[in-house]
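K.L.:
First, the structure itself, so that you have it in front of you.
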Amino acid sequence: MPTLQTGLAAAAVLVAVLAIRAHYLEDRQHWQVYAFKPLATLLILALALSLSPARPDYQWAIAAGLLLSTAGDVFLMLPRDRFVAGLASFLLAHLCYLRAFSIEVPFGAGLLLWLPFFAAGGMVVALVWPGLKPALRGPVVVYVIVIAAMAGQATGRWYASGSAVALAAAVGAGLFVVSDAVLAIDRFRWPFRAARAVTLATYWAAQLLIAISVSAG
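In this note's numbering, the protein residues as written are 313 to 529.
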């Protein structure tokens with residue numbers, strides 16, 4: 313990547329590390345979380361917009377997904393619980409990514425490759441189901457279906473094209489599934505101290521790889 317893109321990627325990684333660290337500060341300096349968490353995703357958005365794309369429509373779909381993800385970051389870090397608003401923001405982000413991954417290959421490409429993601433999603437839903445409020449069960453199921461389809465489509469796209477940027481998107485989509493699975497298990501079933509670090513590290517790695525996939529190569 314050129315110097316600008318390398319700088320944006322490095323800045324995003326640094327800010328992401330600071331955001332993760334801020335979540336574990338004993339004196340609870342929430343301002344650091346509020347500053348660094350959305351900034352990390354916005355830097356990744358800037359990276360996606362700075363790249364020379366093979367398809368401008370792909371770039372704009374990814375950029376829209378990153379912008380919606382930033383909104384989701386903000387909702388999930390607010391003092392009052394905005395989980396449903398955050399879930400809706402990320403649901404729309406995944407629909408943008410699904411649209412992007414369906415531009416060059418048909419929707420449903422490599423359909424068999426979707427199965428592991430739906431199986432993993434089903435297992436996570438079954439695991440957290442007892443801890444979900446009845447009002448959340450429907451939205452969570454819809455969200456899992458959409459993110460599984462997004463990851464499956466990204467993988468099918470890579471299988472069809474074999475390109476490095478398609479691989480980056482596929483790995484990023486898979487990491488997004490891992491991030492959300494850990495978040496769900498921590499929030500609704502078995503809370504554990506390392507969950508925030510694992511969730512955020514895989515989340516920003518996912519977003520960074522998806523952003524890099526904008527590049528024409």
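From the three backbone atoms N, C-alpha and C, an ideal C-beta is built for every residue, glycine too. Source: prediction; values computed, not measured.
Can you give me the Cβ contacts of F500 inside the same chain, cut-off strictly under 7 angstroms, excluding the 5 residues immediately before and after it?
P.N.:
So the list reads V440, G443 and L444, once near-sequence residues are dropped.
K.L.:
How many whole angstroms separate the CB atoms of A352 and V327, which I take to be in contact at a CB cut-off of 8 angstroms?
P.N.:
At roughly 4 angstroms, the Cβ-Cβ gap stays under 8 angstroms, so A352 and V327 are in contact.
K.L.:
Whole angstroms are fine: how far does the CA of A360 sit from the CA of P314?
P.N.:
If I take the Cα positions, the gap works out to 13 angstroms.
K.L.:
Here's a check: name, in chain order, each residue in its chain whose Cβ is nearer than 7 angstroms to the Cβ of Y429, leaving out the five neighbours to either side.
P.N.:
In the sequence on display, residue 429 carries Phe and not Tyr. These residues qualify, in order along the chain: A460, A463, G464 and V489.
K.L.:
Please name the residue in V417, Y370 and S491 whose C-alpha comes closest to that of G474.
P.N.:
Nearest C-alpha to G474: V417.
K.L.:
Less than 7 angstroms separating the beta-carbons of I332 and A478?
P.N.:
No.
K.L.:
So the alpha helix (DSSP H) Y515 belongs to, where does it begin and stop?
P.N.:
Residues A507 to I524.
K.L.:
Applying the 10 Å Cβ sphere with the 16-neighbour rule, what's the burial state of Y336?
P.N.:
So Y336 counts as exposed.
K.L.:
What does the Cβ neighbour count give for A380, buried or exposed, with the cut at 16 atoms within 10 Å?
P.N.:
The sequence given here has Leu at residue 380, not Ala. Buried, since its Cβ has 16 or more Cβ neighbours within 10 Å.
K.L.:
Any heavy atom of the ligand ZN within a distance shorter than 6 angstroms of the CB on G398?
P.N.:
Of ligands this structure carries none, so the ligand ZN is not represented either.
K.L.:
Quick one, are the C-beta atoms of L530 and G468 less than 7 angstroms apart?
P.N.:
Absent from the model: residue 530. The displayed extent of the chain is 313 to 529, so no value can be given.
K.L.:
Please report how far the alpha carbon of A466 lies from the alpha carbon of A421, in whole angstroms.
P.N.:
One C-alpha to the other measures close to 9 angstroms.
K.L.:
By the three-class DSSP mapping on this structure, what secondary structure does S414 have?
P.N.:
Three-state result, S414: coil.
K.L.:
If we ignore side chains and look at the alpha-carbon of each, how far apart do L427 and G434 end up?
P.N.:
Between L427 and G434, the C-alpha separation is close to 10 angstroms.
K.L.:
Any idea which residues DSSP pairs P365 with across the strands?
P.N.:
Answer by DSSP bridge pairing, in chain order: S527.
K.L.:
In angstroms, rounded to a whole number, what distance separates the CA positions of L357 and L378?
P.N.:
Each residue's Cα considered, the two are about 6 angstroms apart.
K.L.:
Output needed for R411: all residues of its chain with C-beta closer than 7 angstroms, excluding positions within five of it in sequence on either side, in chain order.
P.N.:
The answer, listed in chain order, is A373.
K.L.:
Work out the CA separation of I415 and Y471 for me, nearest whole Å.
P.N.:
Rounded to whole angstroms, Y471 to I415 spans 15 angstroms at the Cα level.
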